């Protein structure tokens, strides 16, 4: 490979560089110590653009699908620069739900009600990942990380 | 990026060595990014798909029989995840709406604002005329110093030993187009 080829390839590499934080996001996502959990995929929604308004608040909805369960969350912007996460598990069950955040931020834990509803309130912006603990007859479910 | 070294990293990662796992991510992320983008995903979707592929790898860390095949395994997984992602996205679009968004993507659209260099613009013009396979290959080769042709070839379903020569032909063709273009200069 001569300098001309090298120059061409260097320029191609700059066309569409990987996001600067992708390594960090991946490392955060896979940092769970015991990853024995089913991976849920984000369902792309044609309507889930950021900036949609729900009851006058800025909110966006994200749905994650796994074979055993779906998780839908609405991330609502609060006035104090924190967010509230209204979540719903389907099928509904009173399961423990964790919101993991990069260290040193502590993992937040709530328990859904019998219909699968759960809320995390006063959450700072930033990277986060959901882990839904196993109920009877199903395994744990983990989501990719998202930026709140 | 030799397959032996990456295989050794994978073996150490499954013994619980976090540093090896971190190194594996740093080595392979640019390739997986290129693969996901080559499938026509938006930057946001591509980033999600790359993450999901790593989560899948972690699930199956102990089932992978040939650690040296980790690159091929991840590329294949990323391609599959990217394809599913696109299918799901299409299904979600109501009839008649958003058709424009779902037309096959001709390639990785660079951020126009980044192409301030005139030669970059000339290069992009010619690069985008290459075949999809050439764009995929050169895009990956450009990202890594010593690409593992065997792994990339396997993952793209190309015959053993053909990927190096194909890469050479793609690069030669692009180079000829550039040298024939006065805007590129000598």
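Protein chains in written order, with the working numbering: chain S, 1 to 148; chain E, 1 to 186. Where a beta carbon is used, it is the ideal one built from N, C-alpha and C, also for glycine. The structure presented is a predicted model; accordingly, all values stated were derived computationally and were not measured.
Flag residue i as yes if its beta-carbon sits less than 8 angstroms from any beta-carbon of chain E, otherwise no.
| i | result |
| --- | --- |
| residue 13(S) | yes |
| residue 98(S) | no |
| residue 102(S) | no |
| residue 44(S) | yes |
| residue 8(S) | yes |
| residue 67(S) | no |
| residue 19(S) | yes |
| residue 127(S) | no |
At 9 angstroms on the CB atoms, spell out the chain S contacts of residue i, in chain order.
| i | result |
| --- | --- |
| residue 56(E) | 39 |
| residue 120(E) | 11, 14 and 15 |
Any idea if residue i is buried or exposed, counting beta-carbon neighbours within 10 angstroms, 16 or more meaning buried?
| i | result |
| --- | --- |
| residue 147(S) | exposed |
| residue 121(E) | exposed |
| residue 179(E) | exposed |
| residue 18(E) | exposed |
| residue 44(S) | buried |
| residue 81(S) | exposed |
| residue 85(E) | buried |
| residue 172(E) | exposed |
| residue 51(E) | buried |
| residue 40(E) | buried |
| residue 71(E) | buried |
| residue 18(S) | buried |
| residue 103(S) | exposed |
| residue 148(E) | buried |
| residue 90(S) | exposed |
| residue 165(E) | exposed |
| residue 53(E) | buried |
| residue 116(S) | buried |
| residue 30(E) | buried |
Against chain S, with Cβ distances strictly below 8 angstroms, would residue i count as a contact?
| i | result |
| --- | --- |
| residue 5(E) | no |
| residue 14(E) | no |
| residue 175(E) | yes |
| residue 30(E) | yes |
| residue 83(E) | no |
| residue 141(E) | yes |
| residue 185(E) | no |
| residue 65(E) | no |
| residue 73(E) | no |
| residue 37(E) | yes |
| residue 151(E) | no |
| residue 155(E) | no |
Taking C-beta pairs closer than 7 angstroms, name the residues in chain S that residue i reaches, listed in chain order.
| i | result |
| --- | --- |
| residue 127(E) | 12 |
| residue 88(E) | 43 and 44 |
| residue 137(E) | Result: empty, since nearest Cβ-Cβ is about 11 angstroms, beyond 7 angstroms. |
| residue 8(E) | Near residue 8(E) there are no residues of chain S at all, since even the closest Cβ is about 19 angstroms away, more than 7 angstroms. |
Checking contacts by CB at 8 angstroms: is residue i closer than that to chain A?
| i | result |
| --- | --- |
| residue 33(E) | Chain labels in this structure do not include chain A; the protein chains are S and E. |
Mind pulling the chain E residues with CB within less than 8 angstroms of residue i?
| i | result |
| --- | --- |
| residue 72(S) | By Cβ distance, chain E contributes nothing, its closest Cβ being about 14 angstroms from residue 72(S), past 8 angstroms. |
| residue 145(S) | 51 |
| residue 142(S) | 55 |
Pull up the distance between the alpha-carbon of residue i and that of residue j, whole angstroms please.
| i | j | result |
| --- | --- | --- |
| residue 151(E) | residue 97(S) | 39 angstroms |
| residue 168(E) | residue 67(E) | 28 angstroms |
| residue 44(E) | residue 25(E) | 18 angstroms |
| residue 170(E) | residue 69(E) | 25 angstroms |
| residue 47(E) | residue 75(E) | 14 angstroms |
| residue 139(S) | residue 4(S) | 54 angstroms |
| residue 176(E) | residue 16(S) | 23 angstroms |
| residue 158(E) | residue 119(E) | 32 angstroms |
| residue 14(S) | residue 126(E) | 15 angstroms |
| residue 95(S) | residue 84(S) | 19 angstroms |
| residue 174(E) | residue 6(S) | 13 angstroms |
| residue 60(S) | residue 79(S) | 15 angstroms |
| residue 105(S) | residue 123(S) | 10 angstroms |
| residue 62(S) | residue 56(E) | 20 angstroms |
| residue 41(S) | residue 144(S) | 7 angstroms |
| residue 29(S) | residue 37(S) | 12 angstroms |
| residue 7(E) | residue 28(E) | 12 angstroms |
| residue 21(E) | residue 9(E) | 7 angstroms |
| residue 89(E) | residue 71(S) | 17 angstroms |
Report the neighbours of residue i on chain E: residues whose CB is nearer than 9 angstroms to its CB, in chain order.
| i | result |
| --- | --- |
| residue 30(S) | 21, 25, 51, 54, 55, 57 and 58 |
For the ligand PLP, I want to know if residue i counts as a neighbour, meaning its beta carbon is within less than 7 angstroms of at least one of the ligand's heavy atoms.
| i | result |
| --- | --- |
| residue 48(E) | Ligands in the displayed structure: none, and consequently the ligand PLP is not present. |
Residues of chain E with CB closer than 7 angstroms to the CB of residue i, please, in chain order.
| i | result |
| --- | --- |
| residue 27(S) | 22 and 25 |
| residue 22(S) | 29, 33, 47 and 50 |
Find the residues of chain S that neighbour residue i, judging by a C-beta separation of less than 8 angstroms, and give them in chain order.
| i | result |
| --- | --- |
| residue 171(E) | 5, 8 and 9 |
| residue 79(E) | In chain order: nothing, as chain S lies at least about 15 angstroms away. |
Within the chosen definition, does the region 58-70 of chain S reach the region 54-69 of chain E through at least 3 CB pairs nearer than 8 angstroms?
The region 54-69 of chain E and the region 58-70 of chain S do not touch, with fewer than three beta-carbon pairs separated by less than 8 angstroms.
Could you say if the region 108-125 of chain S and the region 4-20 of chain S meet the contact criterion of at least three C-beta pairs nearer than 8 angstroms?
By the Cβ criterion, the region 108-125 of chain S is not in contact with the region 4-20 of chain S, since fewer than three pairs of Cβ atoms, one from each stretch, lie closer than 8 angstroms.
Check whether the region 32-39 of chain E touches the region 136-145 of chain E, counting contact only when three or more Cβ pairs, one atom from each stretch, lie closer than 8 angstroms.
Contact holds between the region 32-39 of chain E and the region 136-145 of chain E, because three or more Cβ pairs, one in each stretch, are under 8 angstroms apart.
Whether or not the region 36-48 of chain E and the region 148-165 of chain E are in contact is what I'm after, with contact meaning three or more pairs of Cβ atoms, one per stretch, closer than 8 angstroms; do they touch?
Here the region 148-165 of chain E does not lie against the region 36-48 of chain E, with fewer than 3 beta-carbon pairs under 8 angstroms apart.
The region 4-14 of chain E in contact with the region 124-131 of chain S per 3-pair CB rule at 8 angstroms
No, because fewer than three Cβ pairs between the region 4-14 of chain E and the region 124-131 of chain S fall closer than 8 angstroms, the two stretches do not touch.
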